[in-house]
Amino acid sequence: MILKVAPGPDGVYWDECLAGGYICIGWEGVGDLSEFGSEEEFRAAFEETYFARYRGNRSKISAKANELWRLYRLEPGDLVVANRGTKEVLGVGTVTEDGYEWRAERETFQHTVSVIWDTGYAQILPEPQKYWGWVAVAKVPPALWEYLQAGTTAPGRG
10 MILKVAPGPD GVYWDECLAG GYICIGWEGV GDLSEFGSEE EFRAAFEETY FARYRGNRSK
70 ISAKANELWR LYRLEPGDLV VANRGTKEVL GVGTVTEDGY EWRAERETFQ HTVSVIWDTG
130 YAQILPEPQK YWGWVAVAKV PPALWEYLQA GTTAPGRG
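In this text, residue positions in the sequence shown follow our numbering: the first is 10, and each later residue adds one.
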């Protein structure tokens, strides 16, 4: 699986992610995802926690829960495209065996997934990926991934 994940608004946590070897995401109000016995249990907690924030819009609540659960379900070898805004790719991370980790020591954006970063993929895209402005986590379409691979500088040397 290849997901794009924004390391905070405008990539504000990118430097921490790069140095720490992880990607991070918010919605920490639900706590450590590994504590949930099932996806259904997680979804119930997410809805309860974020009902007011999303003004009871169940479609929006479900979509945002999907984003967080997708991140949690990443497996070793999956890829994470870190972005800033709708046009900038900061790097691509390969998920490690450590996978998901709740980092309580972080003040915010405590949901993390361990990755090995390759900044050789960093680039400004010629066209904005408009949907990136609405979601923190999203699947990367095959055509975009092909473009990113073609535009990479020396992989592993970024």
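Quick reminder that beta carbons are idealized off the backbone N, C-alpha and C, glycines included.
Can you give the beta carbon distance from residue i to residue j, rounded, assuming they're within the 8 Å contact cut?
i	j	result
Leu83	Val98	So it is not a contact: roughly 18 Å between Cβ atoms.
Lys148	Leu12	6 Å
Gly142	Arg93	Rounded, the Cβ-Cβ distance is 11 Å, inconsistent with contact.
Lys96	Leu134	5 Å
Glu56	Trp78	Not quite, the Cβ-Cβ distance comes to about 13 Å (not below 8 Å), so this is no contact.
Ala54	Phe45	7 Å
Looking only at its chain, what residues have a beta carbon closer than 7 Å to the beta carbon of residue i, apart from the 5 residues adjacent to it on each side?
i	result
Glu106	Pro85
Ala163	Note that Ala163 scores a pLDDT of 42, beneath 50, so its modelled location is shaky and nothing firm can be said.
Asp41	Trp111
Ala28	none
Ile34	Val14, Leu77, Leu80, Phe118, His120, Ala145 and Val146
Gln132	Val98 and Gly160
Gly65	none
Check whether the Cβ atoms of residue i and residue j lie closer than 8 Å to each other.
i	j	result
Glu76	Val124	no
Thr58	Val89	no
Gly160	Trp126	no
Ile32	Ala91	yes
Pro16	Cys26	yes
His120	Trp23	no
Near residue i, what residues of its chain come up, given a Cβ to Cβ distance below 6 Å and the 5 sequence neighbours on each side ignored?
i	result
Tyr81	Leu42 and Tyr109
Tyr156	none
Pro137	Thr95 and Lys96
Tyr63	Lys69 and Ile70
Gly10	The displayed chain sequence assigns Met, not Gly, to residue 10. So the qualifying residues of the chain are Asp87.
Arg52	Ala74
For a minimum of 4 consecutive residues, which ranges assigned as the alpha helix (DSSP H) are wholly contained in the stretch 62 to 107? 67 to 81
Pair every Cβ in the stretch 115 to 132 with every Cβ in the stretch 68 to 75, then say whether three or more of these pairs are closer than 8 Å. no
Curious, which full-length beta strand (DSSP E) runs of at least 3 residues does the stretch 16 to 59 contain? 31 to 34
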